[in-house]
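Numbering (our numbering), first residue to last: 122 to 381.
The following block contains the structure:
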């Protein structure tokens, strides 16, 4: 029976296989590069389309007594607006479309990845790093646009003795430069690890059931753990989108008020 269990385990689904980028459509050659439409591109477009359809429909059906869809749209709008206002102030609301799009794109991509056989785009650093670089680029460009060279005060905390700045400035610069890395790795790492654990429990339940005998008694336990992990992953999907958007607001506040 043990040999049978091992044989089933060997053919169990590889938890890493779900992260493989697959070519769906050959788009031809552009310059020296061969272009393909992949599952990553497809699910990013699907995430974007779901957001546009949901909030587009909610906005087009506005009523005094809101419907369920309209209520969801208004709650999403108010949630992001309150987050920006509490972190970056009223002036930060000019970045509302940017933060709103970031939050719901990441949230939709995270949740969509929980669907069986779907692809989790945010489990790839090639997706999360460009998002983080976009955030930092917006902060730097707007910071210099609004404040000029006063934006550099961000790296010179006020109130410290002059000789401490020789130590503080390099630390602040390094801290600022690693923001895209930490922002992208946090989202990438959480989604990658969570989906691996989820797939392991699901595969383990199938392997135990297929092995037969006494192993069938353990299969329900593995299945229940898989269900619990799925619920936890849904919570993590929302939490990681919130953290990404919240930190974006913090960085935007630095661009608005670099001397603080």
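Each residue gets a CB set at the ideal place from its N, CA and C atoms; glycine is no exception. The structure presented is a predicted model; accordingly, all values stated were derived computationally and were not measured.
Status (buried if at least 16 other CB within 10 Å, exposed otherwise) for residue i
i, result
"residue 335", "exposed"
"residue 127", "In this prediction, residue 127 has a pLDDT of 48, which is less than 50 and means its spatial position is unreliable; what the coordinates show is noted afterwards. Under this definition residue 127 is an exposed residue."
"residue 243", "buried"
"residue 320", "buried"
"residue 260", "buried"
"residue 124", "Model confidence at residue 124 stands at a pLDDT of 46, short of 50, so the residue's coordinates are unreliable; what they give is reported in the following sentence. Burial call: exposed."
"residue 249", "buried"
"residue 132", "Any answer about residue 132 is weak, because its pLDDT of 40 lies below 50 and its placement is not dependable; what the coordinates show is given next. Exposed, because fewer than 16 other Cβ atoms sit within 10 Å of the Cβ of residue 132."
"residue 153", "exposed"
Cβ distance (whole Å) where residue i is taken to contact residue j below 8 Å
i, j, result
"residue 369", "residue 236", "Contact flag wrong, Cβ pair sits at about 26 Å."
"residue 172", "residue 226", "6 Å"
"residue 324", "residue 357", "The Cβ separation is near 20 Å, so there is no contact."
"residue 272", "residue 264", "4 Å"
"residue 367", "residue 201", "The pair is not a contact, with the Cβ atoms about 10 Å apart (cut-off 8 Å)."
"residue 309", "residue 246", "5 Å"
Reference residue i, options the options, closest by Cα
i, options, result
"residue 223", "205, 267 and 211", "205"
"residue 278", "270, 290 and 252", "290"
"residue 311", "234, 169 and 170", "234"
"residue 175", "297, 365, 229 and 343", "229"
"residue 238", "269, 218, 266 and 164", "164"
"residue 276", "258, 298, 262 and 267", "298"
"residue 270", "162, 379 and 143", "379"
"residue 322", "349, 305 and 375", "349"
"residue 346", "326, 359 and 360", "326"
"residue 140", "155, 306, 266 and 161", "161"
DSSP bridge partner residues for residue i (one or two, in chain order)
i, result
"residue 158", "146"
"residue 151", "154"
Could you tell me which whole alpha helix (DSSP H) segments of length 4 or greater appear in the segment 286–360? Whole alpha helix (DSSP H) segments, 4+ residues: 286–298 and 300–332.
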